[in-house]
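The C-terminal position of the sequence shown is numbered 388 in the working numbering, with every residue numbered one higher than the one before it. Just below is one structure, and these are the notes that go with it.
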Amino acid sequence: MAFRFNPYSPAVDADPFPFYKTLRDEHPCFWSDEANMWILSRYADISGALQDWRSYSSAQGNLMDELPNRAGATLGTTDPPRHDRLRSLIQMAVTKRALEHIIEPTRNAVIGYLDDLEGRRTFDFVAEFSSRTTVDLLFFLFNMPREDMREVRDNAVLMVQTDPETRQKGPEHLAAFQWMANYADKLVQARKKNPGDDLLSQFILAEIDGEKLLDREVQMTVTTLIMAGVESLSGFMTMFALNLATHPEARRALADEPGLIPDAIEESLRFNTSAQRFKRCLTRDVELHGKTMRKGDFVCLAYGSGNRDERMFENPDIYDIYRKPRGHLGFGRGVHACLGIAIARLAVKVAFEEFLARVPGFEQAEREVPWIPSTNFRSPIRLELART
Ligand code: HEM
């Protein structure tokens, strides 16, 4: 039977890694009818594409199923030079140094959530820990009203999904995205009237070469930051917890020696990243592995596969917290490398320092993990853990 790679299938959600291996070994430049795009799966090809943004453009969107109005309007969906200017406006505000002041409030929030878990043998790590923590962080960062938290989180999680039956964006996903865009608008208007010293105010008031940002750019960038902050970060934290639940030796080592947490975060980003796939659009014909990809074709860059490429990483299917995996693709690479790297590393470190101090022993309470239906992201909808 001919090999197929369908990023909409529950089988790929559940375990994409055997598919990736076949892609890397037998079809390194593969046309997927289901995705309607080429799939690049080898580390060297993905990395090469990310360094060649002129040929592999983001201007038609970087999400596999792009949301309306995003293409061309924000960081992940523009090419240089516009992209670099937008990025430079936010860059300063998200460096490690600029973030120090949100770490203690985040740590205190985490401690509060752990207090709530005291005396509980089982709990859902997603609902009761990772999503609460990441939404908090975002609220500290953007100074958004706390009473909006729940709705922001629910809509951010929904908008990156596809319908589990039709595997397309359904009305509820588009409505969630529209809700977020309207919410971003309201925030922007409020900040214009009453600016503060938060990241949003700085961004809204910024100009590029004496020109104000377009309203759509501001709206889509705020929407993107919320989406990335909530879904990517919470999804990754959950994957990290899952890796520790399934690798008890690693979990014990981190609980005994919290100084190992930063290296374990990097290995988790390599081994099992939540941001599995992004797309680009070709601006010229490209020949690769005997195939011709045409100008205008979409190309999926399967970061999760590049991270398991045995041509790059030794024993890639082994989760080894001592590995120090240099050059992993968990945060992407090149001009579009994740802007939230410093935030993400700090937040996950703080969250797991506290979590492992209070819950040093845990395992999965349910064998089957329900995965979010998404073509880009891979993380559990729910992760029931039991203390051991
Ligand atoms: C562990 C958590 C996170 C992971 C795994 C992650 C992963 C990624 C990846 C792989 C990309 C590259 C997308 C591409 O190649 O098209 C990206 C881009 C981006 N991320 Fe993150 N991200 C995380 C957290 C965050 C946070 C907390 C923020 C901000 C609050 C953020 C903001 C962004 C933005 C704005 C971009 C687009 C950058 C550009 O195109 O210049 N991310 N992220």
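All C-beta atoms, glycine included, are put in the ideal place defined by N, C-alpha and C.
If we count the other Cβ atoms within 10 Å of its Cβ and call it buried at 16 or more, is residue i buried or exposed?
{"i": "proline 434", "result": "Given a span of 1 to 388 for the chain in the structure shown, any question on residue 434 remains unanswerable."}
{"i": "proline 389", "result": "There is no way to answer for residue 389, as the model of the chain reaches only from 1 to 388."}
{"i": "leucine 50", "result": "buried"}
{"i": "lysine 192", "result": "exposed"}
{"i": "arginine 294", "result": "exposed"}
{"i": "tyrosine 303", "result": "buried"}
{"i": "glycine 332", "result": "buried"}
{"i": "glutamate 354", "result": "buried"}
{"i": "glycine 306", "result": "buried"}
{"i": "tyrosine 322", "result": "exposed"}
{"i": "arginine 42", "result": "buried"}
{"i": "threonine 375", "result": "buried"}
{"i": "lysine 291", "result": "exposed"}
{"i": "glutamate 217", "result": "buried"}
{"i": "threonine 133", "result": "buried"}
{"i": "threonine 238", "result": "buried"}
{"i": "asparagine 36", "result": "exposed"}
{"i": "glycine 61", "result": "buried"}
{"i": "phenylalanine 3", "result": "exposed"}
{"i": "phenylalanine 214", "result": "Reading off the sequence shown, one finds leucine at residue 214, where the question assumed phenylalanine. Classification for leucine 214: exposed."}
{"i": "alanine 255", "result": "buried"}
{"i": "histidine 328", "result": "buried"}
{"i": "aspartate 197", "result": "exposed"}
{"i": "methionine 394", "result": "No information on residue 394 is available, as it lies outside the stretch 1 to 388 that the chain covers here."}
{"i": "lysine 279", "result": "buried"}
Suppose the cutoff is 6 Å on Cβ atoms and the five residues either side in sequence are ignored; what does the same chain contact list for residue i look like?
{"i": "arginine 251", "result": "Leu244"}
{"i": "isoleucine 208", "result": "Arg85"}
{"i": "proline 373", "result": "Gln161, Thr162, Pro164"}
{"i": "arginine 358", "result": "Leu114"}
{"i": "cysteine 338", "result": "Phe331, Gly332"}
{"i": "leucine 138", "result": "Gly229"}
{"i": "alanine 241", "result": "Phe125"}
{"i": "alanine 184", "result": "Gln219, Val222, Thr223"}
{"i": "leucine 63", "result": "Asn376"}
{"i": "valine 369", "result": "Pro380"}
Leaving out the 5 sequence neighbours to the left and right, which residues in its chain are closer than 8 Å to residue i when beta-carbon positions are compared?
{"i": "alanine 181", "result": "Asn69, Gln219, Met220, Thr223"}
{"i": "phenylalanine 377", "result": "Val160, Glu231, Ser232, Gly235, Ser274, Ala275, Gln276"}
{"i": "valine 12", "result": "Phe5, Asn6, Phe19"}
{"i": "valine 350", "result": "Ile103, Thr106, Arg107, Val110"}
{"i": "proline 28", "result": "Leu40, Ser41, Arg42, Asp45, Leu288, His289"}
{"i": "histidine 83", "result": "Ser58, Leu75, Val335, His336"}
{"i": "serine 55", "result": "Ala49, Leu282, Thr283, Arg284, Val286"}
{"i": "serine 9", "result": "Glu34, Arg167"}
Under the three-state reduction of DSSP, which class applies to residue i: helix, strand or coil?
{"i": "valine 359", "result": "coil"}
{"i": "tyrosine 8", "result": "coil"}
{"i": "leucine 383", "result": "coil"}
{"i": "phenylalanine 377", "result": "strand"}
{"i": "threonine 77", "result": "helix"}
{"i": "isoleucine 372", "result": "coil"}
{"i": "aspartate 15", "result": "coil"}
{"i": "threonine 95", "result": "coil"}
{"i": "aspartate 65", "result": "coil"}
{"i": "glutamine 60", "result": "coil"}
{"i": "phenylalanine 123", "result": "strand"}
{"i": "glutamate 366", "result": "coil"}
{"i": "glutamate 207", "result": "strand"}
{"i": "glycine 332", "result": "coil"}
{"i": "asparagine 108", "result": "helix"}
{"i": "aspartate 198", "result": "coil"}
{"i": "glutamate 353", "result": "helix"}
{"i": "alanine 2", "result": "coil"}
{"i": "glutamate 118", "result": "coil"}
{"i": "leucine 86", "result": "helix"}
{"i": "arginine 345", "result": "helix"}
{"i": "leucine 23", "result": "helix"}
{"i": "arginine 191", "result": "helix"}
Looking only at its own chain, which residues have a Cβ that is under 7 Å from the Cβ of residue i, when we skip the five neighbours before and after it?
{"i": "threonine 95", "result": "Ala342"}
{"i": "arginine 121", "result": "Ala386, Arg387"}
{"i": "tyrosine 319", "result": "Asn243, His247, Ala250, Glu267, Phe271"}
{"i": "alanine 156", "result": "Met180, Ile226, Met227, Val230, Glu231"}
{"i": "glycine 361", "result": "Arg387, Thr388"}
{"i": "leucine 205", "result": "Pro195"}
{"i": "leucine 158", "result": "Glu172, His173, Ala176"}
{"i": "threonine 78", "result": "Ser58, Ala59, Gly72, Leu86"}
Could you check if residue i belongs to the surroundings of the ligand FMN, using beta carbon to heavy atom distance under 6 Å?
{"i": "serine 232", "result": "Absence of the ligand FMN is noted for the structure shown, with the ligand HEM being the only ligands found."}
_Quick check on the DSSP output: what are the complete beta strand (DSSP E) runs of length 3 or more inside the segment 268–327, in order along the chain?_
Counting whole runs of 3 or more residues, the segment 268–327 contains the beta strand (DSSP E) stretches 277–282, 286–288, 291–293, 298–302.
*asked:* Which runs of the beta strand (DSSP E) at least 3 residues long sit entirely within the segment 28–58? Give them in chain order.
replied: 29–32, 37–40
*Can you list, in chain order, the stretches of the alpha helix (DSSP H) that have 4 or more residues and sit fully within the segment 126–183?*
131–142, 149–159
*Go through the segment 212–266 residue by residue and report every complete run of the alpha helix (DSSP H) that reaches 4 residues or more, in order.*
DSSP assignment within the segment 212–266 yields the following whole alpha helix (DSSP H) runs of 4 residues or more, N-terminal first: 215–227, 233–246, 248–256.
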